[in-house]
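Read through the structure below, which is laid out as structure tokens, and then see the notes.
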Amino acid sequence: GEDVEQSLFLSVREGDSSVINCTYTDSSSTYLYWYKQEPGAGLQLLTYIFSNMDMKQDQRLTVLLNKKDKHLSLRIADTQTGDSAIYFCAGGSQGNLIFGKGTKLSVKP
Amino acid sequence: DVKVTQSSRYLVKRTGEKVFLECVQDMDHENMFWYRQDPGLGLRLIYFSYDVKMKEKGDIPEGYSVSREKKERFSLILESASTNQTSMYLCASSPLPGTEAFFGQGTRLTVV
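In the order they appear, the protein sequences are chains H and U.
For what it's worth, my numbering labels the leading residue of the first sequence as 686, then goes sequentially.
For what it's worth, my numbering labels the leading residue of the second sequence as 145, then goes sequentially.
See the structure below:
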């Protein structure tokens, strides 16, 4: 079945760039999403990329999509302590969204 | 501003109790979902609904049921709560299958 995989943890220092990676199996996904979950809260949509795009930039966030390798990444520039959270990638086409297990980003001062 | 509202942030129930988790969305979305989230397991889909009075099993429906009598409201029911149902429960809605999902703030349920 469809699967989305992410590494579970990432630790960076404040001011560095963070790169969170995701691989997926469903090549028919029309949109691919990144969600952020702060402690004790629900998921909030951070950004998304349409499947015919290679890159999308939104302020400190850059999303890269390699359709050939089915690889999606989220880069956060100048990472701040407020970026500490769990980040989920998700993809979907005709069916329900399939979520990765989430990457916990820890930002050290 | 789009909104998905879950009735409780925190809930403590006793083993064997019947538990209702309520979710309401104000976006006129057709699709609604219930997930549970556990450390290391990510989000697991319990049930979803594509229309009023319609429901489909997700990946882990055992021990749960749902009700969708009105378009804006999707309820998750634990018929007889057990300690292994202690978890964070997240409700979501989306306009179309496979499109952006909007999440509620979550309900942390503890069964003692």
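Note that beta-carbon positions come from the ideal geometry of N, C-alpha and C, so glycine has one too.
Apart from the 5 residues on each side of it in sequence, isoleucine 783 of chain H sits with its Cβ closer than 8 Å to the Cβ of Glu687, Asp688, Val689, Tyr709, Asp711, Ala775, Gly776, Gly777 in its chain, given in chain order.
Residue state for asparagine 228 of chain U is assigned as helix, using DSSP reduced to three classes. Secondary structure of glycine 767 of chain H (DSSP, three-state): helix.
Bounds of the beta strand (DSSP E) holding histidine 756 of chain H are 756 to 761. Interface with chain H (7 Å Cβ-Cβ cutoff): glutamate 216 of chain U is excluded.
At least one C-beta of chain H is nearer than 7 Å to the C-beta of phenylalanine 247 of chain U. Taking 7 Å as the cut-off, the Cβ atoms of valine 168 of chain U and tyrosine 191 of chain U do not count as close. Nearest C-alpha to lysine 789 of chain H among H:Met740, H:Ser702, H:Pro724, H:Asp763: H:Pro724.
Residue pairing by DSSP places leucine 782 of chain H in no beta bridge whatsoever.
Shown in chain order are the members of the segment 725 to 741 of chain H whose Cβ falls below 8 Å from a Cβ of chain U: Gly725, Ala726, Gly727, Leu728, Gln729, Leu730, Tyr733.
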